[in-house]
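Visitor:
Residue numbers (this note's numbering): 213 to 519.
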């Protein structure tokens, strides 16, 4: 693992928003950015967990410039309130749309707005958030959306994204939400380029990154001995979340990264960042346009790029 940590340019003077920054990939992404000199807004739904994350970052880097933003991406009201608190502040040089639900409920649940909860958390909240923030991004900004290997392991029922007609399945709910996440991010980049907007949308997946192979961080990552043992058995194909975070960090900060690209670990489930090929479904323009219309209806927004 001599490649870790990957080289990163100085981020002094840069401003970033990272959602789901109180744990996992989001925390290590925010910590590395802050350590490189950026000002980072850590977004999450728990004030206490955000404070623990910021304390951990400042404990390692007392000079780190971080601030919390309490926001629940499953709630459109919370998303819009959180975005409103940012619009009077300086513009962002990048957004990492990381927040999401991995451990999905066994039965179908709904968000406060009546959308299927996994879909609302993993993609619809970021759709609504970026609709509000797109005009508040600096020229050259990058939007990095967290994709998933699960996009290769499931079909995509675009006519049944709310998990109603054909019944609910927790695995399909997760996989479809992550495919939808990638569909949205690639469609966003197509629209940005069509509008000649100076912003890029990139998808990054962290491979198979587990908590048990991640360093202990009080209040952020505290796996049990049993979990560390179980995850150690997967060492041949698993890595820690601190290493998984290097992929979105590369997509966000590395020279030469372009909109519409798909980055992941070199060896699929682990390893240094490498350019990869997304699924055809994720990049299908017709599917992207259909999902965009669906998301506008589900979030009760009109998301116009470049107007």
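Where is the CB? At the ideal position from N, CA and C, for every residue including glycine.
1) Keeping to the same chain, check which residues put their C-beta closer than 6 Å to that of residue 294; ignore five residues upstream and five downstream.
2) Go ahead and pull the three-state DSSP assignment for residue 381.
3) Just list the residues that DSSP pairs residue 353 with in beta bridges.
4) May I have the straight-line CA-CA distance separating residue 408 from residue 470, to the nearest angstrom?
5) Are residue 304 and residue 338 closer than 8 Å when you measure CB to CB?
6) From this set, 300, 306, 276 and 364, which residue's C-alpha is nearest residue 410's C-alpha?
7) From 263, 424, 467 and 358, pick the residue whose C-alpha is nearest to that of residue 490; which is it?
8) Could you please give the first and the last residue of the uninterrupted alpha helix (DSSP H) stretch that includes residue 443?
9) Below 8 Å between beta carbons: does that hold for residue 232 and residue 238?
10) Could you tell me the boundaries of the beta strand (DSSP E) in which residue 305 lies?
11) Measure from the C-beta of residue 467 to each C-beta in chain D and report whether the shortest distance is under 8 Å.
12) Would you mind stating whether residue 287 and residue 323 have Cβ atoms separated by less than 8 Å?
13) Would the beta-carbon of residue 272 fall within 8 Å of that of residue 234?
14) How far does the beta strand (DSSP E) with residue 278 in it reach, from first residue to last?
15) Roughly how many angstroms separate the alpha carbons of residue 449 and residue 428, rounded to a whole number?
16) Starting from the C-beta of residue 355, find all residues in its chain whose C-beta is less than 6 Å away, skip the five residues before and the five after it, and write them out in chain order.
17) Less than 8 Å between the beta carbons of residue 494 and residue 363, yes or no?
18) According to the neighbour-count rule (16 or more other Cβ atoms, all chains shown, within 10 Å of its Cβ), is residue 253 buried or exposed?
19) Hey, out of 220, 518 and 334, whose CA is closest to residue 394's CA?
Guide: Reading from the atomic positions:
1) Translated into the one-based positions of the chain shown, residue 294 becomes position 82. Within the same chain, residue 294 has close Cβ partners 281 and 283.
2) Against the chain shown, residue 381 aligns to sequence position 169. Reduced to three states, the DSSP call for residue 381 is coil.
3) Taking the chain shown and counting its residues from 1, the one referred to as residue 353 is at position 141. The secondary-structure analysis by DSSP pairs residue 353 across a beta bridge with 411.
4) As a position in the chain shown, residue 408 is number 196, starting the count at 1. As a position in the chain shown, residue 470 is number 258, starting the count at 1. Rounded to whole angstroms, residue 408 to residue 470 spans 14 Å at the Cα level.
5) The sequence position of residue 304 within the chain shown is 92, counting from 1. The sequence position of residue 338 within the chain shown is 126, counting from 1. By the CB criterion at 8 Å, residue 304 and residue 338 fall outside the cutoff.
6) Against the chain shown, residue 410 aligns to sequence position 198. It is 306 whose Cα lies nearest to the Cα of residue 410.
7) Along the chain shown, one-based indexing puts residue 490 at 278. Closest option to residue 490, Cα to Cα, is 358.
8) In the chain shown, counting from the first residue as 1, residue 443 sits at position 231. That run of the alpha helix (DSSP H) goes 437–444.
9) Mapped onto the chain shown, residue 232 falls at position 20. Mapped onto the chain shown, residue 238 falls at position 26. In this structure, the beta-carbon distance from residue 232 to residue 238 falls below 8 Å.
10) Residue numbering aside, residue 305 sits at position 93 when the chain shown is read from its first letter. From DSSP, the beta strand (DSSP E) with residue 305 extends over 304–309.
11) Among the protein chains of the structure shown there is no chain D, as only one such chain exists.
12) Taking the chain shown and counting its residues from 1, one reaches residue 287 at position 75. Taking the chain shown and counting its residues from 1, one reaches residue 323 at position 111. The criterion of a C-beta distance shorter than 8 Å is satisfied by residue 287 and residue 323.
13) For the purposes of this step, residue 272 is identified with residue 60 of the chain shown, where counting begins at 1. For the purposes of this step, residue 234 is identified with residue 22 of the chain shown, where counting begins at 1. Not in contact: residue 272 and residue 234 (Cβ atoms no closer than 8 Å).
14) Walking along the chain shown from the start, residue 278 turns up at place 66. Annotation: the continuous beta strand (DSSP E) that includes residue 278 extends over 277–282.
15) To locate residue 449, count along the chain shown from 1; it is residue 237. To locate residue 428, count along the chain shown from 1; it is residue 216. Roughly 20 Å between the two C-alpha positions.
16) Within the chain shown, the letter at position 143 stands for residue 355. 307 and 413.
17) As a working note, residue 494 is residue 282 in the chain shown. As a working note, residue 363 is residue 151 in the chain shown. Closer than 8 Å, so yes.
18) By one-based count along the chain shown, residue 253 stands at place 41. Residue 253 is buried by the Cβ-count criterion.
19) Residue mapping note: residue 394 aligns to position 182 of the chain shown, counting from 1. Nearest C-alpha to residue 394: 334.
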